[in-house]
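Participant: Structure below; questions to follow.
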Amino acid sequence: MTSTTRRLVLTSALALALAACARQESPAPADAAAPPPGAAAEAAPAVQDSDPAATPPPTQAGAATPLELEGLGDLRIGQAPPAGWAARGAQESPACSTLSSEQHPGVYAMVLDGKVQRITVGQRSQVKLIEGIGVGASEADVGKWFAGFRETPHAYEAAPAKYLTAPNADSGGPALRFEIGQDGKVSAMHVGTMPALGYVEGCS
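Count the sequence shown with mature numbering (1 follows the signal peptide of the UniProt record, and there is no 0) and you get residues -22 to -1, 1 to 182, in order.
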């Protein structure tokens, strides 16, 4: 074999070896695809509980104060209304007026001759009696605590709607009266003295 032939053979062999190496894939570094520490935590937004039931509704102002025969907080039967109670588009006259307070939504005070004679807890109020009875309670629940109340027909709703009035309502002292709707539940509660306790339309 001549020297020229030998050089051609060696050159061809070297070229083939370099081509074979080029076809092999170099492995990527082990940490090349790994995100930097903390990157996953930064990229993923915090998951917050969106279930409305998990968040308790705000407590209505004044709801924790119970309704008693003597009154509601500083609003007392037989006394002048305290500051904060005023006529807001309700019935008002020198002899009789209906007052409300922003601290007790859904509660109304009937004032005759300057003195509170009746307090009404209506549909928008969460105020309850100390027995736990409030608007929305069933007639059966009322009967468990207040047996012997007089039943009279409701002035504006058909039976089974009715009024339930304490048997001592005519004694001259404050008494309790429930309005029961056609669904058999309390639609309003009143404490006060007669005749105001029995009024069905404003001051009459």
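C-beta atoms are modelled at their ideal positions from N, C-alpha and C, and glycine is treated no differently. Keep in mind it's a predicted model, so treat the numbers as computed, not measured.
Run the CB neighbour count on Glu129, radius 10 Å, all protein chains shown included, and call it buried at 16 or more, exposed below.
Facilitator: The residue you call residue 129 lines up with position 151 of the sequence shown. With fewer than 16 Cβ atoms within 10 Å of its Cβ, Glu129 is classed as exposed.
Participant: So the candidates are Gln95, Ala174, Glu80; which of them puts its Cα closest to the Cα of Gly62?
Facilitator: As a first step, residue 62 must be located in the sequence shown, where it is residue number 84. For the residues Gln95, Ala174, Glu80, the minimum Cα distance to Gly62 belongs to Glu80.
Participant: Under the three-state reduction of DSSP, which class applies to Gly159: helix, strand or coil?
Facilitator: On the sequence shown, position 181 is the one that residue 159 refers to. Note: Gly159 maps to coil in three-state DSSP.
Participant: Could you tell me whether the Cβ atoms of residue 183 and Gly112 are closer together than 8 Å?
Facilitator: It is not possible to answer for residue 183, since the shown part of the chain is limited to -22 through 182.
Participant: Does any heavy atom of the ligand FAD sit closer than 7 Å to the C-beta of Arg54?
Facilitator: Questions concerning the ligand FAD fall outside what the structure shown contains, since it holds no ligand whatsoever.
Participant: Drop a sphere of 10 angstroms on the beta-carbon of Val164, count the other beta-carbons inside from all chains shown, and report buried for 16 or more, exposed for fewer.
Facilitator: Within the sequence shown, numbered from 1, the residue matching residue 164 stands at position 186. Buried is the call here.
Participant: Can you pull the DSSP bridge partners for His168?
Facilitator: Counted from its first residue, the sequence shown places residue 168 at position 190. Answer by DSSP bridge pairing, in chain order: Thr98, Arg155.
Participant: What three-state label does DSSP hand Val120 in the structure shown?
Facilitator: If you number the sequence shown from 1, residue 120 lands on position 142. Residue state, collapsed to three classes: helix.
Participant: Report the three-state DSSP secondary structure of Gly176 (helix, strand or coil).
Facilitator: On the sequence shown, residue 176 is found 198 positions in, with the first residue counted as 1. DSSP places Gly176 in helix when its eight states are reduced to three.
Participant: Which residues mark the beginning and the end of the beta strand (DSSP E) in which Ala87 is found?
Facilitator: On the sequence shown, residue 87 is found 109 positions in, with the first residue counted as 1. Its beta strand (DSSP E) spans residues 85 to 90.
Participant: Could you tell me how far apart the beta carbons of Arg66 and Ser78 are, in whole angstroms, since I believe they sit closer than 8 Å?
Facilitator: The sequence position of residue 66 within the sequence shown is 88, counting from 1. The sequence position of residue 78 within the sequence shown is 100, counting from 1. Contact holds; Cβ gap of about 5 Å.
Participant: Quick check on DSSP: helix, strand or coil for Ser182?
Facilitator: For the purposes of this step, residue 182 is identified with residue 204 of the sequence shown, where counting begins at 1. Reduced to three states, the DSSP call for Ser182 is coil.
Participant: Consult DSSP for Ser71 and reduce its assignment to one of helix, strand or coil.
Facilitator: To locate residue 71, count along the sequence shown from 1; it is residue 93. Coil, per DSSP.
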